[in-house]
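Have a look at the structure below before the remarks.
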Amino acid sequence: MKFCKKYQEYMQAHDQKKLPAVGFKNLKKILKRCRTDAILSQNSHPSQSSLQINQSSNHNSAICPDHCPVCDGTFFPCLLNEMSAVVGCFNKRARKLLDLHLATGFRKYYVMCRGKMKKNHGALVQEGKDLVGYAIINAIAMRKILKKYDKIHYSTHGQAFRSQVQSMHIEILQSPWLCELIAFHINLRETKLNTRKASELCEGCCLVFNDAKPSLSCELSDSFKLEIGLTCSICLDTVFDSVSLTCGHIFCYMCACKAASVTIVDGLKAARSTSKCPLCREAGVFEGALHLDELNILLSRSCPKYWDERLRNERVERIRQAKEHWESQSRAFLGI
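Per the working numbering, the very first residue in the sequence shown carries number 103; after that it's consecutive.
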């Protein structure tokens, strides 16, 4: 089955949830119209160079100009708007789902009173799996349509657009909520409720160790496998109390604070807008950092000895920084 048809069937099956999607069929029509216009242009200019004719025959299609008004004026803006809608919807729904799952104490009571916890445990599991599938199939759709664009234009503009999308933080595979949902699925295997059903739904998601280096693996498609490394690039160890920066890179919380030149008391929100990610060197990525609670639960269960050791070591450092912070605040208050 061609991907276009498979994608349409998938989105139609989830149509009742009113999820935005990549207009894969419409984008293919834009590229087809672009190819048709290029053929008509070639027929109206028979004196064009033999090199361009040979290129067209070799690729069994007409090649668009380097800057095509049909594609550049319609294709990229359309795809950009659709991907923004997809990522925004995915992040919103994933955050709501995980808030329901992690709610405790007064917050849990408050959520139940507002009627947001009507879904049972199995329904939450199924919704989480559907969201992971939704993210991955839309990521595949974006990659395939950009690959088709490059094939028709004999260019690398599609790859460049993909890099642009990543820098704008609307690449769905960069979303920290995807990492959290995968960890959420694996954590459900540890629960006593609906263990058999949760295990069936989580077949494609697992935590793997290669040379003692952990990573999250998710394979919900025959042609696509996602792996998320869980090694902090600062301390070069398994991430502890992990946070994801807005650029998508994951670090230990304390390592991220050191990189941002802030104390753990002030937190990452106190980081300067000029502070850069240690990996991609993008500025302003610390303020919107997200604590990966589900991932931390997963790693604490999977690596209990390592987690307890890091917890003991960091507790000493946290107490020291908290003591220095309050002493400085006291001196400032007393005018010393």
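Each residue gets a CB set at the ideal place from its N, CA and C atoms; glycine is no exception.
For this session: Give the single residue among His-351, Cys-136, Tyr-236 whose Cα lies nearest to the Cα of His-393.
Result: Start at 1 with the first residue of the sequence shown, and residue 393 comes out as number 291. Here the closest residue by C-alpha is His-351.
Exercise. How many Å lie between His-271 and Gly-437 at the Cα?
Worked result: For this step, residue 271 is matched to residue 169 along the sequence shown. For this step, residue 437 is matched to residue 335 along the sequence shown. One C-alpha to the other measures close to 45 Å.
Exercise. How should Cys-359 be labelled, buried or exposed, when 16 other C-beta atoms within 10 angstroms of its C-beta is the threshold for buried?
Worked result: By 1-based counting over the sequence shown, the position of residue 359 is 257. Counting Cβ neighbours within 10 Å, Cys-359 comes out buried, since at least 16 surround it.
Exercise. Can you name, in chain order, every residue of its own chain whose Cβ lies under 7 Å from the Cβ of Glu-273, other than the five neighbours on each side?
Worked result: As a working mapping, residue 273 is identified with position 171 in the sequence shown. Cβ neighbours of Glu-273 beyond the five flanking positions: Val-267.
Problem set entry | As assigned by DSSP and simplified to three states, the class of Ala-123 | Indexing the sequence shown from 1 puts residue 123 at position 21. Reduced to three states, the DSSP call for Ala-123 is coil.
Exercise. Looking at C-beta atoms only, is the number of pairs between the stretch 248-256 and the stretch 119-138 that lie closer than 8 Å three or more?
Worked result: yes
Exercise. How long is the line joining the alpha carbons of Leu-182 and Asp-343, rounded to whole angstroms?
Worked result: Indexing the sequence shown from 1 puts residue 182 at position 80. Indexing the sequence shown from 1 puts residue 343 at position 241. The alpha-carbon atoms of Leu-182 and Asp-343 are separated by roughly 34 Å.
Problem set entry | 4 or more residues per run - each alpha helix (DSSP H) lying fully within the stretch 215-269 | 223-255, 259-269
For this session: Kindly indicate which three-state DSSP category Leu-436 falls into: helix, strand or coil?
Result: As a first step, residue 436 is located in the sequence shown; it is residue number 334 there, counting from the start. Residue state, collapsed to three classes: helix.
For this session: Could you tell me the distance, in whole angstroms, from the CA atom of Phe-286 to the CA atom of Leu-309?
Result: As a first step, residue 286 must be located in the sequence shown, where it is residue number 184. As a first step, residue 309 must be located in the sequence shown, where it is residue number 207. Their Cα atoms are separated by approximately 11 Å.
Exercise. DSSP three-state call for Ala-115: helix, strand or coil?
Worked result: In the sequence shown, counting from the first residue as 1, residue 115 sits at position 13. In this structure, Ala-115 counts as helix in the three-state DSSP scheme.
For this session: Check the DSSP bridge columns for Thr-365 and list the partner residues they point to.
Result: For the purposes of this step, residue 365 is taken as the residue at position 263 of the sequence shown. Beta-bridge pairing links Thr-365 to no other residue.
For this session: Pull up the DSSP beta-bridge partners for Leu-346, would you.
Result: Your numbering for residue 346 matches position 244 in the sequence shown. Note on identity: in this sequence residue 346 is Ser, with Leu being the wrong assignment. Its beta-bridge partners are Ile-352, Leu-392.
Exercise. Can you tell me whether Gly-175 is buried or exposed, with buried defined as 16 or more other CB within 10 angstroms of its CB?
Worked result: Numbered from its first residue, the sequence shown carries residue 175 at position 73. Exposed: under 16 other Cβ atoms inside 10 Å.
Exercise. For Lys-231, is the classification buried or exposed, using 16 other Cβ atoms within 10 angstroms of its Cβ as the cut-off for buried?
Worked result: In the sequence shown, residue 231 corresponds to position 129, counting from 1. The residue is buried, with at least 16 neighbouring Cβ atoms inside 10 Å.
Problem set entry | Identity of the residue in Asn-312, Asp-395, Gly-190, Asp-410 nearest Val-124 by Cα | By 1-based counting over the sequence shown, the position of residue 124 is 22. Ranking the options by Cα distance to Val-124, first place goes to Gly-190.
Exercise. Count the other CB atoms within 10 Å of the CB of Thr-258; is the residue buried (16 or more) or exposed (fewer)?
Worked result: Along the sequence shown, read from residue 1 onward, the residue named residue 258 stands at position 156. Burial call: exposed.
Exercise. With C-beta atoms as the reference, is Phe-353 less than 9 Å away from Cys-382?
Worked result: Sequence index remark: in the sequence shown, residue 353 carries index 251 (1-based). Sequence index remark: in the sequence shown, residue 382 carries index 280 (1-based). Going by C-beta atoms, Phe-353 is not nearer than 9 Å to Cys-382.
For this session: Measure the C-alpha to C-alpha separation of Gly-306 and Ser-432 and round it to an integer number of angstroms.
Result: Reading the sequence shown from its first residue, position 204 is the one you call residue 306. Reading the sequence shown from its first residue, position 330 is the one you call residue 432. Roughly 53 Å between the two C-alpha positions.
Problem set entry | N-terminal and C-terminal residue of the alpha helix (DSSP H) that Gly-442 is part of | Only positions 103 to 438 of the chain appear in the structure, and residue 442 is not among them; the question remains open.
Exercise. For Ala-385, which of helix, strand or coil comes out of DSSP?
Worked result: As a first step, residue 385 is located in the sequence shown; it is residue number 283 there, counting from the start. Strand at Ala-385.
Exercise. Glu-396 and Glu-282: beta carbons closer than 9 Å?
Worked result: Working through the sequence shown from its first residue, we reach residue 396 at position 294. Working through the sequence shown from its first residue, we reach residue 282 at position 180. Cβ atoms of Glu-396 and Glu-282: closer than 9 Å.
For this session: Determine the DSSP secondary structure at Glu-273, reduced to helix, strand or coil.
Result: Looking up residue 273 in the sequence shown gives position 171. Glu-273 falls in the coil class under three-state DSSP.
Problem set entry | Span of the alpha helix (DSSP H), counted from its first residue to its last, around Leu-338 | As a working mapping, residue 338 is identified with position 236 in the sequence shown. Neither: Leu-338 is in no alpha helix (DSSP H) and is coded neither H nor E.
Problem set entry | 7 Å Cβ shell around Asn-398 - same chain, five flanking residues per side excluded | As a first step, residue 398 is located in the sequence shown; it is residue number 296 there, counting from the start. So the list reads Asp-343, Ser-344, once near-sequence residues are dropped.
Problem set entry | Chain-order list of residues whose beta-carbon lies under 8 Å from that of Ser-269 (same chain, five-residue window excluded) | One-based indexing of the sequence shown puts residue 269 at position 167. Cβ within range, chain order: Glu-384.
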